[in-house]
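Below: one structure, written as structure tokens.
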Amino acid sequence: MKKFLIALSGLLLISCAEQSTPISPVADMVLTNGNVVTVEPDQPSAQAIAISGDKIIAVGSSAEIAAYIGASTEVIDLEGKTAIPGFIEGHGHYTSFGDSFYRLELRYDTSFDAIVKKVARAAQGVEPGEWIIGRGWHQDKWETKEDVLIEGLPLHDKLSAVSPNNPVMLIHTSGHGVFVNQAALDISAIDDDTVPPEGGEIVRREDGTATGMLREAAQDAARAAFAAFEAQRTPEQIETELRRAIITAGQESLKWGITSFQDLGTNFYEVDLLKRMADEGSIPVRLWMAFEEQAADMDGKLDEYRMVGYGNDFLTVRAIGEKVLDGALGTHGGWLHEPYADMPRSHGLNVVPIEEIEYSARLAMKHGYQLAIQGIGDRATTELLNIYGAEMAKNPGKTDLRWRIEHAQVIAPTDIPRFVELGVIPAVQGIFACSGGPWVEDRLGKDRTLERGYIFNTLYDAGLVPTNGTDPPVDEISPIGSFKCSVTRELPDGTLFQPQETYSRELALYSYTMGNAIAAFEEDIKGSIKVGKLADIAVLSQDLVTVADDELMGTEILMTILGGEVVFEK
Ligand SMILES: [Zn+2]
Numbered sequence: 211m212k213k214f215l216i217a218l219s220g221l222l223l224i225s226c227a228e229q230s231t232p233i234s235p236v237a238d239m240v241l242t243n244g245n246v247v248t249v250e251p252d253q254p255s256a257q258a259i260a261i262s263g264d265k266i267i268a269v270g271s272s273a274e275i276a277a278y279i280g281a282s283t284e285v286i287d288l289e290g291k292t293a294i295p296g297f298i299e300g301h302g303h304y305t306s307f308g309d310s311f312y313r314l315e316l317r318y319d320t321s322f323d324a325i326v327k328k329v330a331r332a333a334q335g336v337e338p339g340e341w342i343i344g345r346g347w348h349q350d351k352w353e354t355k356e357d358v359l360i361e362g363l364p365l366h367d368k369l370s371a372v373s374p375n376n377p378v379m380l381i382h383t384s385g386h387g388v389f390v391n392q393a394a395l396d397i398s399a400i401d402d403d404t405v406p407p408e409g410g411e412i413v414r415r416e417d418g419t420a421t422g423m424l425r426e427a428a429q430d431a432a433r434a435a436f437a438a439f440e441a442q443r444t445p446e447q448i449e450t451e452l453r454r455a456i457i458t459a460g461q462e463s464l465k466w467g468i469t470s471f472q473d474l475g476t477n478f479y480e481v482d483l484l485k486r487m488a489d490e491g492s493i494p495v496r497l498w499m500a501f502e503e504q505a506a507d508m509d510g511k512l513d514e515y516r517m518v519g520y521g522n523d524f525l526t527v528r529a530i531g532e533k534v535l536d537g538a539l540g541t542h543g544g545w546l547h548e549p550y551a552d553m554p555r556s557h558g559l560n561v562v563p564i565e566e567i568e569y570s571a572r573l574a575m576k577h578g579y580q581l582a583i584q585g586i587g588d589r590a591t592t593e594l595l596n597i598y599g600a601e602m603a604k605n606p607g608k609t610d611l612r613w614r615i616e617h618a619q620v621i622a623p624t625d626i627p628r629f630v631e632l633g634v635i636p637a638v639q640g641i642f643a644c645s646g647g648p649w650v651e652d653r654l655g656k657d658r659t660l661e662r663g664y665i666f667n668t669l670y671d672a673g674l675v676p677t678n679g680t681d682p683p684v685d686e687i688s689p690i691g692s693f694k695c696s697v698t699r700e701l702p703d704g705t706l707f708q709p710q711e712t713y714s715r716e717l718a719l720y721s722y723t724m725g726n727a728i729a730a731f732e733e734d735i736k737g738s739i740k741v742g743k744l745a746d747i748a749v750l751s752q753d754l755v756t757v758a759d760d761e762l763m764g765t766e767i768l769m770t771i772l773g774g775e776v777v778f779e780k
């Protein structure tokens, strides 16, 4: 049989060689006359791309690719503009990102008063009892400070005054804490005597009354009260709103040239709906979803839910994440080996118990899922490497698991070789170095920051997979912003944060494309412009690899192509 195949292929070769000019297949789409940055070492640059169906069938010079143009071919003249592989968002929260467009946006507010004003306006337009939800605030962005601050945070009084009859929940930009008003405290049954749950803190004034700030696990009571309110919706309303979030998140991603989105934190209900939408062909971007469910609830269900490349490569479910082992640095929740420099009583918080993560690790190993747990502080990363390493040691026959640690913002030097040894991927976000940079030294102190903070290039030099993303809706989804921070480490005030840890331009592009693809086992179909891969392409107004630092932010996304179709055009 083998012999026959060899003989046959020899015959084909001969017959091709006899033709004077080889006949190329007619492409459905040709991009020509461009600056194509392929992210492929063998052919790093080209001018043109031929696409058939949802795949790339040829990459080369404009003259070479002209052979693929037929009467039915859609030809797009790039006019010298730059085409790159579609960006892959490496870590985000897909439906919360979609939902965030229907909530109060607090990311850009520079005072607590500005936020109070927004809430006051929102309170005019809702029925008594309806919740008002905002997200994105960060106390270190407030230029004017309140007179009374407790642990750097204001009191809820002003918020309660403008919204006496509506519970208000304002989610910190990190997602690791909420600020609520009196009505929300009441409905969440938080009073002077409430004992916070383990891994959580109810911030209190000297007289013992709650300030409104609920850290980490303590926010669960407010979120549960809001969820109970939401649960009163009809099943139709619930599905309609979730579909709206899924569509919005996809459309907003495409505007940024993002063609794949890695979600950390889905559930069975969401995946059921996504699967139906994949059947309909109505998911706007390619999704890689990680379950955030209790291990006991996942046990017994994971085989049935595992899917890779479902619905023409639009839906992959093969990971467990992001249970959070610890909290965020911004809210003093990141779990550290040594106490916070600016809050010496605290090492941060262990949010989800170790045993729960161990249970998830056993499930991931057994059912062939990646594990992608959040570790922000250096202690959290150490503990996760312990858990991952112990489970891997029990299964020496299983290799190339690509388990991930999400964020990996503070890393002990002794843990770097352990990442390498276990093949664990640090799923980092370039932009976090710039959004956290202004206050990280306050939290960690100078020396610890220098040694352990956001050491992304050190991780790459050690041989680890470079990754990128913005954790939307935590930071703005912009890959351009994260790219710029990755290569400059320039803070809003012009100073540089950990500049020795910048990525090169090429590496930053690689991290946002191939690196993220590898982190999801998708490097064979995504991450570069190569024959046989999916035709997921972003067209940019300028070349990210060569443009000057101070012009990077001017980069516009002109067009996004997904599976060979133009899905966004400026
Ligand atoms: Zn996240």
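Position one of the sequence shown corresponds to residue 211 (the numbering used here), numbered consecutively onward.
A virtual CB, placed ideally from N, CA and C, is assigned to each residue, including glycine.
Bear in mind that the values here come from a model prediction, so they are computed numbers and not experimental data.
For this session: Could you have a look at Gly362 and say whether DSSP puts it in helix, strand or coil?
Result: Per DSSP, reduced to three states, the secondary structure at Gly362 is coil, with no helix or strand assignment.
Problem set entry | Simplified DSSP state of Phe389, which is helix, strand or coil | Here Phe389 carries a strand assignment [DSSP, helix/strand/coil].
For this session: Please state whether DSSP places Asn560 in a helix, a strand or coil.
Result: Asn560 falls in the strand class under three-state DSSP.
Exercise. Hey, Phe436 and Pro689 are a contact pair by Cβ (cut 8 Å); roughly how many whole angstroms apart?
Worked result: No, Phe436 and Pro689 are not in contact; Cβ-Cβ is about 31 Å, not under 8 Å.
For this session: Note the first and the last residue of the continuous alpha helix (DSSP H) segment covering Arg345.
Result: Judged by DSSP secondary structure, Arg345 falls outside any alpha helix (DSSP H) and instead within the beta strand (DSSP E) spanning Ile342 to Trp347.
Problem set entry | Cα-Cα separation between Glu761 and Gly385, rounded to whole angstroms | Going by the C-alpha atoms only, they are around 31 Å apart.
For this session: Please indicate yes or no: does the CB of Gly302 lie closer than 8 Å to some heavy atom of ligand 1?
Result: Because some heavy atom of ligand 1 lies under 8 Å away, the Cβ of Gly302 counts as near it: yes.
For this session: Could you tell me if the beta carbon of Leu474 falls within a distance shorter than 8 Å of some heavy atom in ligand 1?
Result: Indeed, a heavy atom of ligand 1 lies less than 8 Å from the Cβ.
Exercise. Heavy atom of ligand 1 less than 8 Å from the Cβ of Ala684, yes or no?
Worked result: Note on identity: in this sequence residue 684 is Val, with Ala being the wrong assignment. For ligand 1, at least one heavy atom lies less than 8 Å from the Cβ of Val684.
Problem set entry | Spatially closest choice to Val236 from Gly587, Glu284 and Gln253, by CA coordinates | That would be Glu284, whose Cα lies nearest to the Cα of Val236.
Exercise. Smallest Cα separation from Glu651: which of Glu631, Leu539, Ala276 and Glu353?
Worked result: Measuring from the Cα of Glu651, the nearest candidate turns out to be Leu539.
Exercise. What's the gap between the Cα of Glu446 and the Cα of Leu535?
Worked result: Using only the alpha carbons, I get a separation of about 34 Å.
Exercise. Hey, how far is the Cα of Ser751 from the Cα of Ile767?
Worked result: Cα to Cα, the separation comes out at about 6 Å.
Exercise. Quick one, are the C-beta atoms of Phe642 and Ala672 less than 9 Å apart?
Worked result: No; because the gap between Cβ atoms is not below 9 Å, this pair is not in contact.
Exercise. With respect to 8 Å, is the separation between the Cβ of Gln584 and the closest non-hydrogen atom of ligand 1 below this value?
Worked result: Under cutoff, so the answer is yes.
Exercise. Can you give the Cα-Cα distance for Glu337 and Gln472, rounded to whole angstroms?
Worked result: Approximately 36 Å between the Cα atoms of the pair.
Exercise. In chain order, which alpha helix (DSSP H) runs of at least 4 residues are fully inside the stretch 668-732?
Worked result: The alpha helix (DSSP H) runs lying completely inside the stretch 668-732 and spanning 4 residues or more are 689-698 and 715-720, given in chain order.
For this session: If I'm right that Ile771 touches Ile747 with Cβ under 8 Å, what's the distance once you round it to whole angstroms?
Result: The beta carbons of Ile771 and Ile747 sit about 4 Å from each other, so the pair counts as a contact at 8 Å.
Exercise. Taking the alpha-carbon positions, what's the Val755 to Val329 distance?
Worked result: Computed Cα separation, rounded: 43 Å.
For this session: With DSSP as the reference, please indicate the residues paired to Ile747 in a beta bridge.
Result: Within the DSSP bridge table, the entry for Ile747 names Pro295 and Ile771 as partners.
Problem set entry | C-beta contact flag for Ile397 and Val388 at 9 Å | Judged by their CB atoms, Ile397 and Val388 are not nearer to each other than the 9 Å cut-off.
Problem set entry | Alpha-carbon spacing of Ala277 relative to Ser271, whole angstroms | Each residue's CA atom was taken as its position, placing Ala277 and Ser271 some 11 Å apart.
Exercise. What does a CB cutoff of less than 8 Å around Gln504 pick up in its chain, not counting 5 residues either side in sequence?
Worked result: Glu566.
Exercise. Can you check whether the CB of Ala260 is closer than 9 Å to the CB of Ala268?
Worked result: It is a contact, given that the beta carbons lie within the stated cut-off.
Exercise. Taking the alpha carbon of Gly460 as the point to measure from, which residue in Pro636, Val495 and Lys355 has its own alpha carbon closest?
Worked result: The candidate whose alpha carbon is nearest that of Gly460 is Val495.
Exercise. Should Phe731 and Arg658 be called a contact, given that it needs their Cβ atoms to be closer than 9 Å?
Worked result: No, they are not a contact pair.
Exercise. If we count the other Cβ atoms within 10 Å of its Cβ and call it buried at 16 or more, is Val378 buried or exposed?
Worked result: Val378 is buried by the Cβ-count criterion.
Exercise. Secondary structure at Ala208, three-state DSSP: helix, strand or coil?
Worked result: With the chain running from 211 to 780 in the structure shown, residue 208 is simply not present.
For this session: Could you please give the first and the last residue of the uninterrupted alpha helix (DSSP H) stretch that includes Arg313?
Result: Unbroken run through Arg313: none, as it is neither H nor E.
For this session: Output the distance between the C-alpha atoms of Ala729 and Ile735, rounded to the nearest integer angstrom.
Result: Computed Cα separation, rounded: 13 Å.
Exercise. Can you tell me whether Gln619 is buried or exposed, with buried defined as 16 or more other CB within 10 angstroms of its CB?
Worked result: Answer is buried; the Cβ neighbour count reaches 16.
Exercise. Closer than 8 Å: is that where the CB of His382 sits relative to any heavy atom of ligand 1?
Worked result: No, Cβ of His382 sits at least 8 Å from all heavy atoms of ligand 1.
For this session: Could you spell out where the alpha helix (DSSP H) holding Asp252 opens and where it closes?
Result: No alpha helix (DSSP H) contains Asp252, which DSSP labels as neither H nor E.
Exercise. Which one or two residues does DSSP pair with Asp489 in a beta bridge?
Worked result: Under DSSP, Asp489 shares a beta bridge with no residue.
Exercise. With 16 other CB atoms within 10 Å as the buried threshold, where does Glu711 fall?
Worked result: It counts as buried.
For this session: May I ask which residues mark the beginning and end of the beta strand (DSSP E) holding Val620?
Result: Per DSSP, Val620 lies in no beta strand (DSSP E) segment and is marked neither H nor E.
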